[in-house]
Amino acid sequence: MLADLTATGPAASVVVLNPGNGDAPFDAAWRARADVLRGGTTATGEKTKVLGYVHTDHGNRDAAAVKASVDNYLKAPDGRLHVDGIFFDVVSRDCGPGNATRDHYAELRGYVEDAMHAVDPVVSALVVNNPGTAIADCYLETGHRTADVFVTYEDTYAAYTGGGWLGGNVFGPLDGYRAGSELDPSGTAFWHLVHEVPDADAMRATLRTAFDRGAGYAYATGAAMPNPWNTGPAWEFRSQTDHAATLG
-6 MLADLTATGP AASVVVLNPG NGDAPFDAAW RARADVLRGG TTATGEKTKV
44 LGYVHTDHGN RDAAAVKASV DNYLKAPDGR LHVDGIFFDV VSRDCGPGNA
94 TRDHYAELRG YVEDAMHAVD PVVSALVVNN PGTAIADCYL ETGHRTADVF
144 VTYEDTYAAY TGGGWLGGNV FGPLDGYRAG SELDPSGTAF WHLVHEVPDA
194 DAMRATLRTA FDRGAGYAYA TGAAMPNPWN TGPAWEFRSQ TDHAATLG
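Shown next, in the form of structure tokens:
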């Protein structure tokens, strides 16, 4: 899978590396894979961003344990950065009492940024939150934003094209679900992950639908649960990155 992904051109915009659910050592072999992937060039001429995976149990995992997982990626023995940021998984979508849950994730984002800047003061950290569904708009509030990118859909193709799409990337207490474009000046704040996509035609339709729904990133695969992310799609990565490039 990694060999196929490394050879793909244009390269994927973002790749998430997940050794042992984020807690196996990010050792020399993993760091070497990350370095090769970061050498890829995307359709927009940028380099592939590689992220380390960290699970958070909807904000219930102990903060010290989460930070230790972050350190696994960002504090390498050679003193260099081999990833461009962190992908926080199993993220709560709700603000919590007095925005406490939101503020927990904002603190984690700050921890990632500080750790990366300690190694390279000019580096730009990329932080992703994955609630897997629309997220409360408090997470994108100015001065309290918890991530650069939010995975606001993670489910099957059948749900994506049926009744599983809630109608927006964000929601608020007064106006319900909405695209969230007013909170996304870069056009890259939202990411849709769709699995059990039946064929390449459906993959292309999925990407078009994702971008129409306000996603700046999208990925479609035919693989199924319990883990659709540990194997490449049957149509291979190149056809997907090629098609994404035609859509902008």
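The sequence shown begins at -6 in the working numbering and counts up one residue at a time.
Ideal Cβ placement from N, Cα and C applies to all residues, glycine included.
In this text the structure is predicted, and so the values were computed from the model without any measurement.
Would you kindly report the start and end of the unbroken beta strand (DSSP E) that includes Tyr146?
As a working mapping, residue 146 is identified with position 153 in the sequence shown. 142 to 149 is the span of the beta strand (DSSP E), which, as asked, contains Tyr146.
Could you tell me which uninterrupted beta strand (DSSP E) segments, each at least 3 residues in length, are contained entirely in the segment 14 to 72, listed from first to last along the chain?
42 to 48
Out of Thr199, Glu229, Asp82, which one is the CA nearest neighbour of Thr149?
Working through the sequence shown from its first residue, we reach residue 149 at position 156. Ranking Thr199, Glu229, Asp82 by Cα distance to Thr149 puts Thr199 first.
Rounded to a whole number of angstroms, what is the C-alpha to C-alpha distance between Lys68 and Gly155?
Along the sequence shown, read from residue 1 onward, the residue named residue 68 stands at position 75. Along the sequence shown, read from residue 1 onward, the residue named residue 155 stands at position 162. Rounded to whole angstroms, Lys68 to Gly155 spans 43 Å at the Cα level.
Can we say the segment 20 to 39 touches the segment 50 to 60, given the rule of at least three CB pairs closer than 8 Å?
no
Secondary structure of Leu(-2), DSSP reduced to three states
For the purposes of this step, residue -2 is taken as the residue at position 5 of the sequence shown. When secondary structure is reduced to three states using DSSP, Leu(-2) falls in the helix class.
Taking 9 Å as the threshold (C-beta atoms), are Asn92 and Ile128 in contact?
Counting from one through the sequence shown, the residue named residue 128 turns up at place 135. Counting from one through the sequence shown, the residue named residue 92 turns up at place 99. For Ile128 and Asn92, no; Cβs fall outside 9 Å.
Quick test of your reading: Asn123 and Tyr98, contact by CB under 8 Å. State the CB separation rounded to the nearest angstrom.
As a working mapping, residue 123 is identified with position 130 in the sequence shown. As a working mapping, residue 98 is identified with position 105 in the sequence shown. Actually they do not touch by this definition, with Cβ atoms about 11 Å apart.
Mapping the DSSP letters down to three states, classify Asp113 as helix, strand or coil.
Within the sequence shown, residue 113 is the residue found at index 120, counting from 1. Asp113 falls in the coil class under three-state DSSP.
Is the closest heavy atom of the ligand SAH to the C-beta of Asp64 under 8 Å?
With respect to small molecules bound, the structure shown includes none, and the ligand SAH cannot be examined in it.
Just checking my contact of Val105 with Val120 at CB under 8 Å: how many whole Å lie between their CB atoms?
For the purposes of this step, residue 105 is taken as the residue at position 112 of the sequence shown. For the purposes of this step, residue 120 is taken as the residue at position 127 of the sequence shown. At roughly 5 Å, the Cβ-Cβ gap stays under 8 Å, so Val105 and Val120 are in contact.
Kindly give me the distance between the Cβ atoms of Leu133 and Phe80, rounded to whole angstroms, as I take these residues to be in contact under 8 Å.
Reading the sequence shown from its first residue, position 140 is the one you call residue 133. Reading the sequence shown from its first residue, position 87 is the one you call residue 80. At roughly 17 Å, the Cβ-Cβ gap does not stay under 8 Å, so Leu133 and Phe80 are not in contact.
Assign Pro178 to one of two classes, buried (16 or more other C-beta atoms within 10 Å of its C-beta) or exposed (fewer than that).
Translated into the one-based positions of the sequence shown, residue 178 becomes position 185. Exposed, because fewer than 16 other Cβ atoms sit within 10 Å of the Cβ of Pro178.
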